[in-house]
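**Student:**
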Amino acid sequence: MSDALLLFLPLVVPAAAAVLGLVLRTCKGPQAIVGVLGSAGLLVVGLMLVARTDAVGVIATQSGLWPAPFGISLVADRLAAAMVAVAGLVALAGSIYAWRDLADDKLGPQFVPLMQFLMLGVQGSFLTGDLFNLYVWFEVMLVASFVLLTLGNQRQQLEGALKYVVLNILASSLFLIGAGLIYAKLGTLNMADVAVRLAHPEQTDLVRTSGVLLIAAFGLKAGLFPLFFWLPSSYHTPRPVVSAIFAGLLTKVGVYALMRTSTLTFAAKAPVLLELIYVIALLTMVCGVLGAAAHFDMRRILSFHIVSQIGYIILGLAMMTPIAIAGSIFYTLHHIVLKTNLFFLSGVVNHIRGTNDLARLGGLAKAFPGIATLFFISAFSLAGIPPLSGFWAKMAIVLAGMDLRAWGAVGIALGTGVLTLFSMTKIWAEVFWKSAPEDANTTDNRSGLWPMLIPCVAFVGITIGLGIWGGHVFAFAERAAEQLLNPREYIEAVLGPDAITGEVPGAGRVRP
Amino acid sequence: MNMLIAFTVGVLFATGVFCLLRRCLMRLIIGLVLLGQAANLLVFSAGGVKTGVPSLIPEGSMTPPPGAADPLPQALVLTAIVIGFGLTVFAITLIHRARATSGNDDVDAFNETDRL
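For the protein sequence lines, the chains are A and B, in the order given. With the numbering used here applied, the first sequence closes on residue 523, and no number is skipped along the way. With the numbering used here applied, the second sequence closes on residue 457, and no number is skipped along the way.
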């Protein structure tokens, strides 16, 4: 299969599935099947993309055959390919998990097409090589997520969506300004071309300004301190499947954009921005985990944990050493799978007992030992207990910190891990271990659990697998990190082999 | 002309931020719209503001005539305006629904999803 086709398929598959889903909006069963098949197709294409990029390196194509930097480039390196594949996996799991909700009419006929449009935006953001095009994909993703968030029209949902919508529109404006300033200064928006032009020393003014604007925009979408407030106040309001997909994927799109732009453009020219990200990462970790410790509702606790885990990922990015970036990439992949699964499980608890409030739950370990085991493994993986995947992810970041003698960061990372364990044991003890309070609803709804549990079991399997055979994935993450830190391959794939005449920004760059 | 646009962008930003910081839902929307317009105008001016030379490539030539404004930012702004329009319509509908269900126009009253 040609590279061009391989790069377009992750966009074509969800777009086709979305349109088909719209056509079939009156037939529930076929529509749900379209959702599952579309997502499965996406996963297959993603895996092919991973195999291809891992074998031959960065692949790129220009839409409409306009030569770069005039046409819009689609580029996939190892990181982008891995993200495409994992996003396909989450979409597939979500489509299966939503089966019951769709059958019960708890999600309307809008869900399948909207979810595929969401995936279209997500995949476009991973594959585009153009800043403005990234903005457009972000908006595709945002509009779909707005509607998904309000599906159901509950009062809480409207309130959560209000915060989500206003802050995300604000972030989009900042992104647009940042991109506009880059165009005003450099006359290009193609990211590879931006990287080449920034190599000229006279082009460095305004890099910091636009860099800060982009960090603010991506940081808000990733849920960084102090821009994360929309996240814990909206992610616990929609249907469980929607919050699981959001929790797994949407913040990671922001993280991915941050990784891409910082390694390619501003990291080399404005290292002060890396210092900024470094401090923000530490604050994000602490604030997120403290918020999680304070709350008493399963999904709210898990939402705050997204924030604190993003802090780890961004910390790895800020350290900018090969092992730190590899750790970030591994952490991202692990966290997408794990966090989606934890939200899936909170949805299962909600399905059984009709609430996620810790005070009104209890006794689930006795009634559902299987579900309790699934949660137990996922929770301990999140906290970083060996030999589960979270341990290796955290270890890579901590080792990178030790290499740089950043003892403060190492201390905060370990402390955050302990507090994560604390709030996960809180959920474990309250929901599964203690006996149910007397006034609580203990009539368990056992019907239709299986389609919800299939993705949970699969994801727990992946978490254990990543822990035991994680070496292969980590080696892949190291190869991906190498590509990020040496943008020459990316630039040459987009602009052609003669694009670089002088020094490459960031080649072999390591933070002192 | 550049100076005028710079000042306009500044004033739009200032009023946009001011409106966003008010407690009324309607002002929130107005603030968002103003900020969006400020961003659009800023991107528009990134291509240079010039008069008299249309940025059309004459026959037989490969580049626009000297002195023409860069048309790309204008294309970008068109895209951004359309997207902004869609987002604004959604936000207005959402705020209308939120107001109708809660019967309140005060942003501070919307604290249910954050409460411990």
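Where is the CB? At the ideal position from N, CA and C, for every residue including glycine. Computed from a predicted structure; not experimentally measured.
#1: Nearest to A304/A by alpha carbon, out of D414/A, N201/A and I438/A?
#2: Given a cut-off of 8 angstroms, decide if M463/A and G358/A are closer than it, judged by their beta-carbon atoms.
#3: I'd like the ranges of any beta strand (DSSP E) spanning at least 3 consecutive residues and lying wholly in the region 126 to 183 of chain A.
#4: Tell me the start and end of each unbroken alpha helix (DSSP H) in the region 389 to 438 of chain B that is at least 4 residues and wholly inside, in chain order.
#5: Are the region 41 to 55 of chain A and the region 93 to 108 of chain A touching, with three or more C-beta to C-beta distances below 8 angstroms?
#6: Can you give me the C-alpha to C-alpha distance between P498/A and I436/B, rounded to a whole angstrom?
#7: What are the complete alpha helix (DSSP H) segments, minimum 4 residues, inside the region 416 to 451 of chain A?
#8: Which value, in whole angstroms, describes the spacing of the CA atoms of W444/A and M435/A?
#9: Counting only Cβ pairs nearer than 7 angstroms, list the residues of chain B close to F157/A.
#10: Mapping the DSSP letters down to three states, classify A492/A as helix, strand or coil.
#11: Just to confirm my understanding: we take A104/A, look at its own chain, exclude 5 residues before and 5 after, and list those with CB closer than 6 angstroms. What are they?
#12: So F143/A contacts chain B; which residues on that side make the cut at Cβ distance below 7 angstroms?
#13: Would you mind stating whether V223/A and Y108/A have Cβ atoms separated by less than 8 angstroms?
#14: Out of curiosity, what's the CA-to-CA distance linking A228/A and K196/A?
#15: Closest to A292/A by C-alpha separation, out of G302/A, G327/A and G459/A, would be which residue?
#16: Contact criterion: CB-CB distance below 8 angstroms. Does R364/B meet it with respect to chain A?
#17: Would you mind working out which of L125/A, V151/A, S458/A and R166/A sits nearest T442/B, comparing C-alpha positions?
#18: Which two residues bound the contiguous beta strand (DSSP E) that contains A84/A?
#19: If I follow the unbroken alpha helix (DSSP H) through Q320/A, where does it start and stop?
#20: Below 8 angstroms on the Cβ atoms is my contact criterion, and I expect V24/A with V56/A to pass it. Report the Cβ-Cβ distance as a whole number of Å.
#21: Answer yes or no: does any C-beta atom of chain B fall closer than 8 angstroms to that of A172/A?
#22: Does S184/A get closer than 8 angstroms to chain B when you measure Cβ to Cβ?
#23: Residues of chain B with CB closer than 8 angstroms to the CB of G191/A, please, in chain order.
#24: Leaving out five residues before and five after V348/A in sequence, what residues of the same chain have Cβ atoms less than 6 angstroms from its Cβ?
#25: Tell me the residue span of the alpha helix (DSSP H) that contains I475/A.
#26: For T356/B, decide whether its Cβ has a neighbour in chain A, counting only Cβ atoms nearer than 8 angstroms.
#27: By Cβ distance below 7 angstroms, which residues in the same chain neighbour T274/A in space, the five residues on each side in sequence not counted?
#28: Check this for me: beta carbons of L145/A and S156/A, under 8 angstroms apart or not?
#29: When the distance is taken between beta carbons, is S221/A closer than 8 angstroms to G198/A?
#30: Please look up how many angstroms separate the CB atoms of V266/A and I180/A, rounded, as I've assumed it's under 8 angstroms.
#31: Taking all protein chains shown into account, decide if V154/A is buried (16 or more other Cβ within 10 angstroms of its Cβ) or exposed.
#32: Excluding five sequence neighbours on each side, which residues of the same chain lie with their C-beta closer than 8 angstroms to the C-beta of R457/A?
#33: Can you tell me where the alpha helix (DSSP H) holding T64/A begins and where it ends?
#34: State the beta-bridge partners of D368/A as determined by DSSP.
#35: Could you spell out the range, first to last residue, of the alpha helix (DSSP H) harbouring I346/B?
#36: With respect to the alpha helix (DSSP H) encompassing I502/A, which residues constitute its N-terminal and C-terminal limits?
**Tutor:** The short version:
#1: Ranked by Cα distance from A304/A, the options D414/A, N201/A and I438/A are led by I438/A.
#2: For G358/A and M463/A, yes; Cβs fall inside 8 angstroms.
#3: Restricting attention to beta strand (DSSP E) runs no shorter than 3 residues, the region 126 to 183 of chain A encloses none.
#4: Runs found: none.
#5: Short answer: they touch.
#6: P498/A and I436/B: Cα-Cα distance of roughly 44 angstroms.
#7: DSSP runs (the alpha helix (DSSP H)) wholly in the region 416 to 451 of chain A: 418 to 438.
#8: About 12 angstroms.
#9: Taking a Cβ-Cβ cut-off of 7 angstroms, the neighbours of F157/A in chain B comprise F431, given in sequence order.
#10: In this structure, A492/A counts as helix in the three-state DSSP scheme.
#11: Within the same chain, A104/A has close Cβ partners P466.
#12: The contact set of F143/A on chain B, defined by CB atoms closer than 7 angstroms, consists of L417 in chain order.
#13: Taking 8 angstroms as the cut-off, the beta carbon of V223/A is found no closer than this to the beta carbon of Y108/A.
#14: When rounded, the distance between both Cα atoms is 19 angstroms.
#15: In this structure, G327/A is the residue among G302/A, G327/A and G459/A with its C-alpha nearest to the C-alpha of A292/A.
#16: No, its Cβ sits nowhere closer than 8 angstroms to a Cβ of chain A.
#17: Measuring from the Cα of T442/B, the nearest candidate turns out to be R166/A.
#18: The residue you asked about is not Ala; residue 84/A is Ser in the sequence shown. S84 to A87 is the span of the beta strand (DSSP E), which, as asked, contains S84/A.
#19: Membership of Q320/A in the alpha helix (DSSP H) is indicated by the continuous run M309 to M330.
#20: With 8 angstroms as the limit, V24/A and V56/A qualify as a contact, their Cβ atoms being about 6 angstroms apart.
#21: It does: the Cβ of A172/A has a partner Cβ on chain B nearer than 8 angstroms.
#22: Yes, S184/A counts as interfacial toward chain B.
#23: For G191/A, the C-beta contacts it makes with chain B under 8 angstroms involve A380, L383, V384, A387, P414 and L417, in order along the chain.
#24: If we look at V348/A and ignore the five residues flanking it on each side, its Cβ neighbours are F470 and I473.
#25: I475/A: member of the alpha helix (DSSP H) spanning W461 to I479, first to last residue.
#26: Output row for T356/B: interface = no.
#27: Only L495, L496, P498 and G517 meet the Cβ criterion.
#28: Contact: no.
#29: No; because the gap between Cβ atoms is not below 8 angstroms, this pair is not in contact.
#30: With 8 angstroms as the limit, V266/A and I180/A do not qualify as a contact, their Cβ atoms being about 20 angstroms apart.
#31: It is buried - the Cβ of V154/A has at least 16 other Cβ atoms within 10 Å.
#32: Here the set comprises I363.
#33: Segment K39 to V67, the alpha helix (DSSP H) holding T64/A.
#34: According to DSSP, D368/A bridges with D308/A.
#35: Looking at the DSSP string, the run of the alpha helix (DSSP H) that includes I346/B is N343 to L361.
#36: DSSP places I502/A inside the alpha helix (DSSP H), whose first and last residues are R499 to L506.
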